[in-house]
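Trainee: Which chain is which? The protein sequence lines are A and B, in order. Per the working numbering, the very first residue in the first sequence carries number 1; after that it's consecutive. Per the working numbering, the very first residue in the second sequence carries number 1; after that it's consecutive.
There are 2 protein chains.
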Amino acid sequence: MTTVLKLGGSVITEKDRAETIDGQALDRAADVVAEAIDEPPDLVLVHGAGSFGHHNAEKHGVSVTTGTHDAGAVMDIHGSMKTLNRFVLDRLHDRGVPAIPVHPLSAGARDAEARLTFPTDQVATMLEEGFVPVLHGDLVAHAGKGTTVISGDEVIVELGTALDAERVGLLSTVPGVLRDDEVIPRIEAFDEVADVLGGSDATDVSGGMAGKVEQLLSLDVPASIFALDDLDRFLAGEFPGTTIDGR
Amino acid sequence: MTTVLKLGGSVITEKDRAETIDGQALDRAADVVAEAIDEPPDLVLVHGAGSFGHHNAEKHGVSVTTGTHDAGAVMDIHGSMKTLNRFVLDRLHDRGVPAIPVHPLSAGARDAEARLTFPTDQVATMLEEGFVPVLHGDLVAHAGKGTTVISGDEVIVELGTALDAERVGLLSTVPGVLRDDEVIPRIEAFDEVADVLGGSDATDVSGGMAGKVEQLLSLDVPASIFALDDLDRFLAGEFPGTTIDGR
Chain A
1 MTTVLKLGGS VITEKDRAET IDGQALDRAA DVVAEAIDEP PDLVLVHGAG SFGHHNAEKH
61 GVSVTTGTHD AGAVMDIHGS MKTLNRFVLD RLHDRGVPAI PVHPLSAGAR DAEARLTFPT
121 DQVATMLEEG FVPVLHGDLV AHAGKGTTVI SGDEVIVELG TALDAERVGL LSTVPGVLRD
181 DEVIPRIEAF DEVADVLGGS DATDVSGGMA GKVEQLLSLD VPASIFALDD LDRFLAGEFP
241 GTTIDGR
Chain B
1 MTTVLKLGGS VITEKDRAET IDGQALDRAA DVVAEAIDEP PDLVLVHGAG SFGHHNAEKH
61 GVSVTTGTHD AGAVMDIHGS MKTLNRFVLD RLHDRGVPAI PVHPLSAGAR DAEARLTFPT
121 DQVATMLEEG FVPVLHGDLV AHAGKGTTVI SGDEVIVELG TALDAERVGL LSTVPGVLRD
181 DEVIPRIEAF DEVADVLGGS DATDVSGGMA GKVEQLLSLD VPASIFALDD LDRFLAGEFP
241 GTTIDGR
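#1: Is Glu158 of chain A close to chain B? Criterion is C-beta to C-beta, closer than 8 Å.
#2: Check each residue of the region 11-41 of chain A: if its Cβ is closer than 7 Å to any Cβ of chain B, include it; give the result in chain order.
#3: At a cut of 8 Å, does the region 108-121 of chain A reach the region 23-31 of chain A through at least three beta carbon pairs?
#4: Which residue spans inside the region 29-71 of chain A form an unbroken alpha helix (DSSP H) run of at least 4?
#5: Residues of chain B with CB under 8 Å from Val102 of chain A, in chain order?
#6: Can you have a look at Ala59 of chain A and say buried or exposed, based on whether 16 or more other CB atoms are within 10 angstroms of its CB?
#7: What in chain A is Cβ-close to Ala99 of chain B, meaning under 7 Å?
#8: Give the DSSP-derived three-state secondary structure of Arg247 of chain B in the structure shown.
#9: Going along the chain, which residues of its own chain have a beta-carbon closer than 8 Å to the beta-carbon of Val97 of chain B, five neighbours each way excluded?
#10: Scan the region 65-104 of chain A and note each continuous alpha helix (DSSP H) run of 4 residues or more that stays entirely inside, going in chain order.
#11: So for Phe234 of chain B, helix, strand or coil by DSSP?
#12: Which residues, in chain order, does the region 112-126 of chain A contribute to contact with chain B at a C-beta distance below 7 Å?
#13: Use the C-beta contact count for Glu158 of chain B: other C-beta atoms within 10 angstroms, 16 or more gives buried, fewer gives exposed.
#14: Quick one: give me the first and last residue of the beta strand (DSSP E) that Thr147 of chain A is part of.
#15: Taking C-beta pairs closer than 9 Å, name the residues in chain A that Gly246 of chain B reaches, listed in chain order.
#16: Given Asp111 of chain A, which residues of its chain have a CB within under 6 Å of its CB, disregarding the five upstream and five downstream residues?
#17: Keeping to the same chain, check which residues put their C-beta closer than 8 Å to that of Asp201 of chain B; ignore five residues upstream and five downstream.
#18: What are the uninterrupted segments assigned as alpha helix (DSSP H) that are 4 or more residues long and contained completely in the region 4-33 of chain B, given in chain order?
#19: For the region 181-196 of chain B against the region 13-28 of chain B, are there 3 or more C-beta pairs whose distance is under 8 Å?
#20: My assumption, with CB atoms under 8 Å, is that Gly108 of chain A sits in contact with Ile150 of chain A. Please give the rounded CB distance.
#21: For the region 44-60 of chain B, which residues have a beta carbon sitting closer than 9 Å to at least one beta carbon of chain A?
#22: Pull up the distance between the alpha-carbon of Gly72 of chain B and that of Lys145 of chain B, whole angstroms please.
#23: Look at the alpha carbon of Ile225 of chain B and the alpha carbon of Val183 of chain B, and state the distance between them as a whole number of angstroms.
#24: Does the beta carbon of Phe239 of chain B sit closer than 8 Å to a beta carbon anywhere in chain A?
#25: Quick one: Cα of Val221 of chain B to Cα of Gly246 of chain B, how far?
#26: Kindly list, in the order they appear in chain B, the residues whose Cβ is closer than 7 Å to that of Ala109 of chain A.
#27: Please classify Arg167 of chain B: is it buried, with 16 or more other beta-carbons within 10 angstroms of its beta-carbon, or exposed?
#28: Please report the straight-line C-alpha distance between Thr147 of chain A and Leu219 of chain B, rounded to a whole angstrom.
#29: When burial is assigned at 16 or more other CB atoms within 10 Å of the CB, is Met126 of chain B buried or exposed?
#30: Could you work out which residues of chain A lie near Ala162 of chain B, taking near to mean beta carbons separated by less than 8 Å?
#31: Straight-line CA distance for Val94 of chain B to Arg86 of chain B?
#32: Quick one: Cα of Val205 of chain B to Cα of Ser106 of chain B, how far?
#33: So is Gly137 of chain B in contact with chain A if we call contact Cβ pairs under 8 Å?
#34: Suppose contacts are defined by Cβ-Cβ distances below 8 Å. Is Leu163 of chain B in contact with Leu231 of chain B by that definition?
#35: Thinking just about the alpha-carbon of each residue, which of A:Leu92, A:Thr68 and A:Phe239 is nearest to the one in Asp27 of chain A?
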């Protein structure tokens with residue numbers, strides 16, 4: 001029973017300060033993960049870009065749809081995500097979690113129609129061997145565009161499907177999708193929440209909630225969006241926050 | 001016309017001093033590569049482990065056949081190879097080569113029969129987009145064994161085949177396979193050189209010449225083994241040193 005958990009970039013970093021982690025939030029998340037995992041863990045982690053990748057991607061004008069052929073820009077953006085990945089791994093190792101890195105730039109690619117190929121044998125084998133693979137938002141090679149951004153949300157959708165995951169969770173800064181400050185418990189179609197999400201924008205896959213909800217609706221498994229206070233409940237098998245189920 | 005070039009670990013590092021590069025040799029190799037590449041380069045580089053990966057793999061008792069489930073050991077071995085990879089990338093960037101990293105741990109995996117799956121869409125797309133992908137010896141997840149070593153030689157054989165490379169070269173510390181201090185110009189079968197290579201040892205894929213020759217004989221393209229003095233000739237389309245052709 002594989003669980004795919006995304007640690008939101010805005011949870012684990014200080015979104016307004018370039019390349020700064022939120023050490024307290026990351027420690028809390030790592031504590032809960034270390035406490036919750038079984039032996040073997042059967043858990044894949046993915047973290048967002050937060051103030052690491054976004055800052056550098058903006059600097060170089062790179063997005064999901066606008067690419068770069070500049071190796072220096074690739075090194076800046078990819079390198080900043082590796083730095084954040086290393087912080088996440090370190091905090092997990094401090095707590096005995098057998099986490100090891102998987103960098104999407106080394107694995108995936110998009111063709112000229114922007115279709116993503118993302119092989120997952122490496123992740124599946126790591127899981128079977130008892131490791132906790134830790135992926136992240138990154139760049140991927142993109143035919144005709146050099147390299148473009150792959151968001152952490154896109155990575156969890158790929159993994160959730162390819163690994164036939166039983167549970168998918170997004171640790172967010174908010175306790176779920178909100179309407180009038182109340183958590184919407186369940187979303188089965190985008191129309192139900194278009195009013196509060198301000199409409200869908202296909203390019204908005206690495207930022208706003210609309211893109212997240214739309215991506216998660218494409219999964220074959222229910223996905224939960226919740227905040228740090230509910231991480232233990234999610235990892236214990238409950239469905240805190242908003243459950244997104246587009247099946 | 002794709003070229004796959006391996007920079008031998010013992011060429012670019014001080015083999016007897018742990019985690020020390022041979023900066024002079026690496027600079028010379030980077031100079032020749034920068035001088036030789038076309039626009040677009042159509043070149044894939046792979047570097048060996050030298051005193052980075054080997055030192056750490058030995059420390060943790062990890063080899064191509066003996067694995068580890070210890071995340072700390074994985075971080076040591078894989079981390080040391082990323083450090084060496086960064087040195088190689090830096091020297092190439094200094095000379096304007098659009099090099100970007102591909103880490104085998106993030107891409108490949110071995111099944112329970114030790115068969116390697118190594119997806120190469122990411123490398124092919126990087127090449128088409130004008131980047132120079134730089135891979136290296138590393139660890140890969142291995143069913144039943146945790147993670148095991150993948151040598152740089154194994155990576156070039158995978159890439160040479162999957163990318164349908166036209167030229168494969170191994171930059172070595174010696175000018176070719178030697179018999180009585182003379183370079184053997186051509187090898188078409190292992191038997192021809194078993195006397196000088198001291199017999200084949202299947203586990204010797206990351207060190208001695210016997211393993212290299214055996215692996216290169218499995219390629220569908222001739223491969224050259226040569227020293228730094230001949231790198232420019234190899235990149236100019238010649239066949240310096242020893243040509244291994246098992247077709």
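Each residue gets a CB set at the ideal place from its N, CA and C atoms; glycine is no exception. Please read all numbers here as calculations on a predicted model, not as lab measurements.
Mentor: Let me lay it out:
#1: no
#2: none
#3: Flag = no, the region 108-121 of chain A and the region 23-31 of chain A do not touch.
#4: 50-59
#5: Leu105 and Ser106
#6: In the sequence under discussion, the amino acid at residue 59 of chain A is Lys, which differs from the Ala named in the question. Using a 10 angstroms sphere on the CB of Lys59 of chain A, the tally of other CB atoms stays under 16, which defines it as exposed.
#7: Near Ala99 of chain B (Cβ distances below 7 Å), the residues of chain A are Ala71.
#8: coil
#9: Ala30, Val33, Ala34, Ile37, Pro41 and Val132
#10: Runs of the alpha helix (DSSP H) inside the region 65-104 of chain A: 71-94.
#11: helix
#12: Thr117, Pro119, Asp121, Gln122, Thr125 and Met126
#13: buried
#14: Gly146 to Ile150
#15: Using a Cβ-Cβ cut-off of 9 Å, Gly246 of chain B is close to nothing in chain A; its nearest Cβ partner there is about 28 Å away.
#16: Ala143
#17: Residue confidence is low: Asp201 of chain B scores 47 on pLDDT, short of 50, so the model does not pin down where it sits. Its coordinate-derived value is still stated next. Gly208, Ala210 and Gly211.
#18: 9-12
#19: no
#20: Sure, about 6 Å apart at Cβ, within 8 Å.
#21: Across the region 44-60 of chain B, no CB contact with chain A closer than 9 Å is found for any residue.
#22: 15 Å
#23: 10 Å
#24: no
#25: 8 Å
#26: Result: Asp121, Gln122 and Thr125.
#27: buried
#28: Rounded to whole angstroms, Thr147 of chain A to Leu219 of chain B spans 30 Å at the Cα level.
#29: buried
#30: What Ala162 of chain B touches in chain A: nothing, since even the nearest Cβ is about 12 Å away.
#31: Position check: residue 94 of chain B holds Asp in this sequence, whereas Val was assumed. Distance between the alpha carbons of Asp94 of chain B and Arg86 of chain B is about 12 Å.
#32: With a pLDDT of 40 at Val205 of chain B, under the threshold of 50, the predicted position of this residue should be treated as unreliable, though the coordinate-derived value follows. A straight-line Cα-Cα distance of about 21 Å links Val205 of chain B and Ser106 of chain B.
#33: no
#34: Judged by beta-carbon spacing, Leu231 of chain B lies beyond the 8 Å limit of Leu163 of chain B, meaning their Cβ atoms are not closer than that value.
#35: Selected option, being the one with the closest Cα: A:Leu92.
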